[in-house]
Amino acid sequence: MSTADRRTAAAVEFDARPSPAADLLVRGAHLLDPRAGLDGPGDLLLRDGRIAQVGAPGALEAPDGCEEIDASGLHAFPAFFDPHVHLRTPGREDEEDVESGTRAAAAGGFGGILAMPNTDPVVDVAPVLLSLRERARTEAHVPVGFLAAITRAQSGTELTEMAELADAGAVAFTDDGLPVRSAGVLRLALQYQRLAGRPLALHEEDPGLSGPGAMHEGAVSALLGVAGIPSISESTMVARDAAVAGYEGGQVHMQHLSARESVEAVEHAKARGVAVSAEVSPHHLTLTEDDVRALDTARKMNPPLRAQADRHALIDGLRSGVIDCVATDHAPHAREEKEDPFELAPMGTTGLETAFAALYTELVLPGVLGLELVVERLTAGGALFGVAVPTLRPEAEANVCLVDLEARWTVGETGYQSRSDNSCFAGRELAGRVRLTVAGGAVAWREPATASSTA
Amino acid sequence: MKRSLLSIEDLARADIERILDRAESFAEVSGRAIKKVPALRGRTVLNLFYEASTRTSSSFELAAKRLSADTVSVRAQGSAVDKGESLKDTVQTLSAYDPALVVIRSPWAGAAELVARWTPAGVVNAGDGKREHPTQALLDLYTLWRRVGRLDGLKVWIVGDVLHSRVARSNILAFARMGCEVTVAGPPTLIPREIESLGCRVRSSLDELGEADVIYALRMQRERMEEAFVPSLREYAERYQIDARRLQPHQILMHPGPVNRGVELSAQVIDSPQALISQQVESGVVVRMAVLYELLASGEEEEGVAASATTAAAARARDADGAVAERLPDGSEHPIEVAPGEHLAAPAGPRP
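Encoded structure:
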């Protein structure tokens, strides 16, 4: 398939509220930016919202009017990027809105996020998208990019006006929450992608195989008598859609992989040269079906937490690069809905505020993954959608988070920035606390002194 | 201290034995003209049923009354916890009556755990979705134990729709816990993947059914055919119905009720002396009395009823090392060697 007539995408557009450009001297942090080859103590000077200078510890002087932060004992990473967030706006502002969701992102060290369009109404026409973008320009603590739906009302039948939506600033297209059930419709979307010039992000699930399932099909679902969602529900669709994308020469991004077979399908597609990328969530990397035994609805999500072998395959896939990035799939839900019995409760967990700490505590500290790999994968998500990769290199836009790796905290103990409290890690003690986030060149988060607890 | 019965998983073998012993002591009460003891006088038992039930709700109510508890029965119309008042609000409202125990039946797995989280009362799971029905399993164990005299080493085949059956799950766990060898058999579409992890074998035909000491048939619901789990009830009955051809004289037949005559069981076997179906119903009351007593009154000063349980325990201990061993000598391959039609399937004689 020739790509000569393919639309060259304009630079993606993100929105955030106006904030003063950061002028900061971060002194004495351990700077870690794997792509820039930075891994050691140093000073970091931010001027006018950009990285101005990187120097040896104590080497840099704060210019007049520049705030100086003693960051000794802290790590400075490029701010993370989350390509999968549900801001629930419009429609369920009781669960999350642009302000609270982006505040939660900033508190989690994220310097940018992508918001999913499965709202009420669905983001499937330009006016809805434009009104959301306007709202983000007054409320968003970190730059937000918005996705639009692939099909109208996510019906899975008629395509949205993808070209016009792209012109209105849609970063990509997805029917997330639902699969594009028909391979024929997906094929049309991939053909039309040549006009829209944006990736398709795919929620991979075969409804015929998922049925009424509420958790992973395996030993735990057998024990609990809860209908299962088999791994093949995801992996067969990953394989199908990668094949269709390969045939049409399109670009697809596989959302929230959960099953070993899906990792294999992505690996296979990449080996054949299909333009496919993939993400995995912190919860799928750290929890399994065994964590659902007590039928805690905060651990009910779609795709479900799977078996230990799946978790290991996801970790291996993230390490090898078959899976490109970490994405939280931050999915806030009202407390009264999560208090329903497990089979009735909605699927989803919040994730922005716990992403780094969960991965650091459960994977880095036990030696499963290196810190630099986790940082690399937490910052890689934007590049798949045409966003500049956050970096600590001089002249880059300032996107930095300062993290205290020693700080231990109990999830939920001091509440959440998110409007919802359905965290699958609630009550767990985690290590790693974000102290400050600079997002899109502005300070987006400073941890309130009262909320900090240092071991 | 608050005590609950939410899952068979929570019970050790000794716990189950204690409940069976207690039930036996209450069986004596049920034989009296005045079938009532004062054990739970002044306590309130709240029956909260979100799903249609005849046997379970009536036997819980009767059990509570025979222990002199006050009972309140609440039936939610339909089965939707998510319509109108939430389960949480209902439970918290009714908890204002200060019940000692809430008995909950719900169409949703884990509902009993939720109730336990929201009420200071103890909680008994009377069936949660397709997950568990622990008191059914206990009464089945009791019924079988009364007939056979022991449970250890019995070969139990659970036949039918295991996928949708809370009775199957509780019974697999309970029979296995008591030392039975459990096999589940049914159409592959109605056997959950990885059910073996509960401690049973799986068979998709009844070819080896002859080895079973006990056949436990499950209810086959008509809607399973509409959902395409089986092509027709005719084909199901042809392959899995327990009928006079399949039921061997040495085997015991059990069923949790209500029976679909002509589907999972033929009329002949239902009415045969090998069937324990009506004894199972009968056991429901005394076993639920035992459960209520264990949760609410045991640990308090032993008197009257409780004392007679000790006697039952002693009698059972004698069974184990004395009379029964003689009657049912251990064999290497088949622990129970009995001639067809004898002992196992015969009504239990007077117990030693």
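Here the protein sequences line up with chains A and B, keeping their order. Each number in the numbering used here comes from the position in the first sequence (counting from 1) with 78 added on. Each number in the numbering used here comes from the position in the second sequence (counting from 1) with 19 added on. Just so you know, even glycine gets a beta-carbon here, dropped at the ideal spot from N, CA and C.
Identify every residue that forms a DSSP beta bridge with residue i.
i               : result
T515 of chain A : A:C479 and A:W523
F158 of chain A : A:F188
P205 of chain A : Paired residues: none, contrary to the question.
S23 of chain B  : DSSP lists no partner for S23 of chain B.
C403 of chain A : A:E357
P141 of chain A : Note: P141 of chain A sits in no beta bridge, so no partner.
E200 of chain B : B:K174
S501 of chain A : A:T428
A99 of chain A  : A:A520
With distance defined between alpha-carbon atoms, name the residue in the options nearest to residue i.
i               : options                           : result
A128 of chain B : A:L462, A:Y325 and A:M293         : A:M293
L170 of chain B : B:V178, B:G179, B:W176 and B:L160 : B:L160
R150 of chain B : A:V521, A:V298, A:P382 and A:R181 : A:V298
A504 of chain A : A:V521, A:G143 and A:D374         : A:D374
A279 of chain A : A:P285, A:A267, A:S336 and A:P290 : A:A267
V358 of chain A : A:E295, A:E282 and A:T469         : A:E282
F158 of chain A : A:T457, A:E415 and A:V404         : A:T457
S105 of chain B : A:A149, A:Y270, A:L422 and A:H362 : A:L422
V186 of chain B : B:G205, B:K84, B:S26 and B:A156   : B:A156
V306 of chain B : B:E80, B:K107 and B:L67           : B:E80
D407 of chain A : A:E367, A:S336, A:F420 and A:A385 : A:S336
A83 of chain B  : B:P118, B:S114, B:A52 and B:K107  : B:P118
S189 of chain B : A:L302, A:Y438 and A:L396         : A:L302
A100 of chain A : A:N500, A:A520 and A:P381         : A:A520
In whole angstroms, what is the alpha-carbon distance linking residue i and residue j?
i               : j               : result
A509 of chain A : F251 of chain A : 35 Å
S98 of chain B  : T432 of chain A : At S98 of chain B, the pLDDT of 39 sits below 50, so the modelled position is not reliable; the number obtained from the coordinates is stated separately. Spanning the two alpha carbons is a distance of roughly 37 Å.
D175 of chain A : A94 of chain A  : 14 Å
L122 of chain A : R259 of chain A : 49 Å
A461 of chain A : V467 of chain A : 6 Å
A193 of chain B : P153 of chain B : 8 Å
A364 of chain B : D254 of chain A : At A364 of chain B, the pLDDT of 40 sits below 50, so the modelled position is not reliable; the number obtained from the coordinates is stated separately. Each residue's Cα considered, the two are about 59 Å apart.
I289 of chain B : I296 of chain B : 8 Å
L287 of chain A : L109 of chain A : 47 Å
I35 of chain B  : K416 of chain A : 34 Å
E254 of chain B : S49 of chain B  : 43 Å
G189 of chain A : D418 of chain A : 34 Å
L451 of chain A : P112 of chain A : 8 Å
V134 of chain B : L315 of chain B : 17 Å
S184 of chain B : A131 of chain B : 17 Å
G276 of chain B : Q299 of chain B : 9 Å
V549 of chain A : A391 of chain A : The shown model of chain A, from 79 to 533, leaves out residue 549 of chain A, and the question about it has no answer.
Taking Cβ positions, are residue i and residue j nearer each other than 9 Å?
i               : j               : result
V175 of chain B : V201 of chain B : yes
V330 of chain A : G223 of chain A : no
G179 of chain B : A236 of chain B : yes
H539 of chain A : A320 of chain A : This structure cannot speak to residue 539 of chain A, because chain A is shown only from 79 to 533.
D89 of chain B  : T109 of chain B : no
D388 of chain A : S309 of chain A : yes
G187 of chain A : T515 of chain A : yes
G127 of chain A : E473 of chain A : no
I214 of chain B : I234 of chain B : no
A300 of chain A : R212 of chain B : yes
V400 of chain A : R455 of chain A : no
V104 of chain A : L480 of chain A : yes
R276 of chain A : A323 of chain A : no
L152 of chain A : A107 of chain A : yes
L59 of chain B  : S92 of chain B  : no
I129 of chain A : V163 of chain A : no
A409 of chain A : A183 of chain A : no
H361 of chain A : M379 of chain A : yes
P195 of chain A : A226 of chain A : yes
The alpha helix (DSSP H) spanning residue i covers which residue range?
i               : result
R241 of chain B : Taken as a continuous stretch (DSSP letters only), R241 of chain B belongs to no alpha helix (DSSP H), as it is neither H nor E.
S398 of chain A : Q386 to S398
M308 of chain B : I296 to L315
F92 of chain A  : Neither: F92 of chain A is in no alpha helix (DSSP H) and is coded neither H nor E.
G289 of chain B : Correcting the residue identity first, residue 289 of chain B is Ile in this sequence and not Gly. First-last of the alpha helix (DSSP H) with I289 of chain B: A286 to I289.
L449 of chain A : L449 to L456
Taking 8 Å as the cut-off, is the CB of residue i close to at least one heavy atom of the ligand MG?
i               : result
E146 of chain A : The ligand content of the structure shown is nil, which means the ligand MG is not present either.
Could you give the first and the last residue of the continuous beta strand (DSSP E) run that contains residue i?
i               : result
N144 of chain B : G141 to D147
G50 of chain B  : It is not in any beta strand (DSSP E) - G50 of chain B carries neither H nor E in the DSSP assignment.
H346 of chain A : That residue, H346 of chain A, is in no beta strand (DSSP E); its alpha helix (DSSP H) goes R338 to A349.
Determine, for residue i, whether the minimum Cβ-Cβ distance to residues of chain E falls below 9 Å.
i               : result
E173 of chain A : Absent from the structure is chain E; the protein chains it does hold are A and B.
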